[in-house]
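Everything in the sequence shown is counted per the working numbering, starting at 38 for the first residue and increasing by one.
We treat Cβ as the ideally placed atom computed from N, Cα and C, and that holds for glycine.
Here is the structure we will look at.
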Amino acid sequence: MRWRVVYDANDVPATLRALSSLLACGAEPHDVAWRDRSEGQGDLLGDDAASRAAGPPPESVPLRAWRSRLPAEAMELAHTVAQHAHPERFRRLHELALDVAAQPARWHDALDPRRLALERMAREVRREIHKMHAFVRFRQIEDGPGGDTRYVAWFEPVHHIVRAAAPFFARRFAAMRWAILTPRLCVQWDREGLAFSPGVDRSLAPPPDAGEALWLDYYRSIFNPSRLKTAAMLREMPRRYWRNLPETQAITELIQTAPQRSARMVAQASESQRRLPISVPRAVARAPRTPQEQLDDLGRRARHCSDCPVACSATQVVWGEGRVGARLMIVGEQPGDQEDLAGRPFVGPAGALLRQAIAELGWPVDALYLTNAVKHFHFLARGTRRLHKTPGQRAAEACEQWLEAEIRLVQPKAVLALGATAASSLLGAGVGVAQSLGRWQARADGLPVWVVHHPAAVLRRAESGAPSFQAWVEALRPAWPQAAQASAMAPSRVASADTIAASPSAVAATPYT
Ligand code: URA
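This is the structure:
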């Protein structure tokens, strides 16, 4: 063993810097011993003399070695995997990094077993962040002589996710003073900033409060015994979270009594059906869902999507806005900071510019459907700021199912793509703005697409080279007449609304008029 790295599992950036230094030093994975600092010095002192003499690798080579040799997504993957609790995670990352640095094509080998194992770890980390967001239960405590209220929760994550999960709570509960205690790292919010401190023992977890009894009553009242699917429930709420969830006190009883309660509900329902006036046709009660209901339903399903790496760090999925049958669909890149918080598309500065353009063009707002190619906000955290980050190919691909389903349900007559992400999601990878300007392009399903610069590029035109606002408005103009005049929908696009199939993104450069 030539290298020994003593790492702090909660300090992912420092650990990745150490990994990058090892790459720069040419260290081999089998020459490195990774030791979690929290596991104590005794272990380390037992290492052999050669290892101690070698000392840790220099950390002065920040992330250069990694960045210069590996694709950006590899860094994203490493960042997530580093939060996993598996003791071999850094060795595996090191091995993958060496493989990919030597043979860059390996990165694209979707079946590479090393890559698959790391992807699985990353999914487990993301899933636990998601679970932490869902399962933290605050208890109210009076704090200090002034009786200031503080909310404290106890949570026991398996992975090192507290730092990654905390910003969500800061946004959600910005006006409260709260703390989340865990065995390895605690986090507090004082309405201004997050502060992290070492983990604590479970005995410090606050006792149940009065609000909890109310919550239990509420939970009992919304529990629907006829919808009980124990396996799905266990999948969504794995048993290891139960002991810190007040509602689980009620679950055993609710599960045991579900058959009787559901039989009672059936009896009551058939009784009330008998009481239906004769003139109410039975078919009405069983009417198929309308496309609008299906679209709303799809939006609700999308809220639980965690197919892309950022699903857990964004506040929420931002679904499209508009109605089924809207003639023109406008597709942006992804929600921005303000859209992420508001849960609505195009409400930030770029959205304001788009809305101003729509007003100047006199387009009927109720004939438009506004949405994005990517439904979650991708960002880089810089202190308290969240800086826009262009979504990667993987995120765009993960979201394609939702955009395609929106298109099938809304059935627009034309689509306006704002910027490159929208263009390539709609027309296929590699279709950019510059080559698409000023001509209609047909997708394989016959839907015409008009590509223009993204409004954010117009706002930053000094760097982006985008046109002025007035020139951009003129570039948008042809989209509406095409949408307004098109007659029937191409039959190939009238598909079963419930199917979410692969994207028909092949392009034919058909000139439309
Ligand atoms: N930019 C987009 O592409 N979409 C939004 O919703 C907001 C800004």
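Integer-rounded CB distance, given that residue j should sit under 8 Å from residue i
i      : j      : result
Cys345 : Cys223 : Not quite, the Cβ-Cβ distance comes to about 29 Å (not below 8 Å), so this is no contact.
His425 : Gly373 : 6 Å
Ile198 : Arg187 : Their Cβ separation, rounded to whole angstroms, is 23 Å, which puts Ile198 and Arg187 out of contact at 8 Å.
Ala190 : Val162 : No, Ala190 and Val162 are not in contact; Cβ-Cβ is about 20 Å, not under 8 Å.
Arg480 : Leu455 : The pair is not a contact, with the Cβ atoms about 16 Å apart (cut-off 8 Å).
Ala457 : Gly469 : 5 Å
His116 : Val49  : 6 Å
Phe414 : Ala351 : 4 Å
Arg176 : Pro243 : 4 Å
Trp477 : Gln519 : 7 Å
Trp487 : Leu453 : 5 Å
Leu332 : Val355 : That belief does not hold up - the Cβ atoms of Leu332 and Val355 are roughly 15 Å apart, past 8 Å.
Leu133 : Arg104 : Wrong, their Cβ atoms sit about 15 Å apart, outside the cutoff.
Ala433 : Ser461 : 7 Å
Arg72  : Asp45  : About 11 Å separates the two Cβ atoms, so there is no contact after all.
Ala138 : Arg164 : Not quite, the Cβ-Cβ distance comes to about 29 Å (not below 8 Å), so this is no contact.
CA-to-CA distance, residue j to residue i, given in whole angstroms
i      : j      : result
Met274 : Arg381 : 28 Å
Arg323 : Gln120 : Bear in mind that the predicted position of Arg323 carries a pLDDT of just 46, short of 50, making it unreliable; the figure below should be weighed with that in mind. Near 48 Å, if we compare the C-alpha coordinates of Gln120 and Arg323.
Arg143 : Asp136 : 7 Å
Glu376 : Trp215 : 25 Å
Leu56  : Val43  : 11 Å
Ser58  : Val495 : 40 Å
Gly388 : Leu365 : 16 Å
Tyr278 : Glu193 : 8 Å
Ala91  : Leu53  : Unreliable placement is indicated for Ala91, whose pLDDT of 44 sits below 50; no coordinate value is reported for it.
Gly357 : Gly336 : 8 Å
Glu443 : Arg338 : 12 Å
Arg39  : Leu60  : 14 Å
Val69  : Asp149 : 23 Å
Gln400 : Glu113 : Residue 400 is actually Trp in this sequence, not Gln. When rounded, the distance between both Cα atoms is 41 Å.
Pro220 : Leu241 : 10 Å
Arg209 : Ala418 : 16 Å
Asn281 : Lys168 : 12 Å
Gly465 : Trp439 : 15 Å
Ala87  : Arg41  : Residue placement at Ala87 is poorly supported in this model, since its pLDDT is 35, which falls under 50; the coordinates are not used for a value here.
Val118 : Ala154 : 10 Å
Thr427 : Phe416 : 8 Å
Ala295 : Arg272 : 19 Å
Gln507 : Asp334 : 38 Å
Gly467 : Val489 : 15 Å
Asp238 : Glu76  : 16 Å
Ala499 : Ala471 : 17 Å
Ala212 : Gly420 : 18 Å
Ala51  : Pro485 : 49 Å
His341 : Ala171 : 11 Å
Asp146 : Gln140 : 11 Å
Trp517 : Gln353 : 30 Å
Ala363 : Ala521 : 10 Å
Val411 : Ala379 : 16 Å
Ser31  : Leu218 : The chain is shown only over 38 to 550; residue 31 falls outside these bounds and no answer can be derived.
Ser97  : Arg423 : Residue placement at Ser97 is flagged as unreliable, the pLDDT there being 44, under the threshold of 50; the coordinate-derived value follows with that caveat. Taking the straight line from one Cα to the other gives about 27 Å.
Gly483 : Thr267 : 44 Å
Phe383 : Ala523 : 26 Å
Ser505 : Val402 : 23 Å
### Query
At what residue ranges does the stretch 381–446 contain a whole run of the alpha helix (DSSP H), taking only runs of 4 or more?
386–398, all fully within the stretch 381–446.
### Query
Is it true that the stretch 126–139 meets the stretch 151–160, where meeting means three or more beta-carbon pairs spaced less than 8 Å apart?
yes
### Query
If you pair each beta-carbon of the stretch 195–214 with each one of the stretch 224–235, do three or more pairs fall below 8 Å?
Two segments are said to touch when three or more pairs of C-beta atoms, one from each, lie closer than 8 Å; by this definition the stretch 195–214 touches the stretch 224–235.
#### Entry: Given 8 Å, three or more beta-carbon pairs between the stretch 233–240 and the stretch 440–454
no
### Task
Assess, as a yes-or-no matter, whether the stretch 503–522 is touched by the stretch 381–395 under the definition of 3 or more beta carbon pairs within less than 8 Å.
yes
### Message
Measuring CB atoms only, is the stretch 190–197 touching the stretch 282–292, in the sense that at least three cross pairs come out at less than 8 Å?
### Response
no
### Query
Should the stretch 324–339 be regarded as contacting the stretch 365–379, the criterion being three or more beta carbon pairs within less than 8 Å?
no
### Task
Say whether the stretch 485–504 touches the stretch 399–408, bearing in mind that this needs 3 or more beta-carbon pairs closer than 8 Å, one atom from each stretch.
no
### Segments of 4+ residues assigned as alpha helix (DSSP H) that fall wholly inside the stretch 141–203
150–172
### Task
Taking only runs that begin and end inside the stretch 442–505, name each unbroken alpha helix (DSSP H) of 4 or more residues, in chain order.
Inside the stretch 442–505, DSSP marks whole alpha helix (DSSP H) runs of 4 or more residues at positions 456–464, 492–496, 498–501, from first to last along the chain.
### Task
Only counting runs of 3 or more residues, tell me where the beta strand (DSSP E) segments fall wholly within the stretch 208–244, in order along the chain.
Qualifying beta strand (DSSP E) stretches, in chain order: 215–218, 222–226, 231–235.
#### Entry: Every unbroken beta strand (DSSP E) within the stretch 342–369, with a cutoff of 3 residues, ordered by chain
For the stretch 342–369, the full-length beta strand (DSSP E) segments reaching 3 residues or more read 365–369 along the chain.
### Task
Could you pull out every unbroken beta strand (DSSP E) segment of at least 3 residues lying fully inside the stretch 44–75, listed in chain order?
69–73
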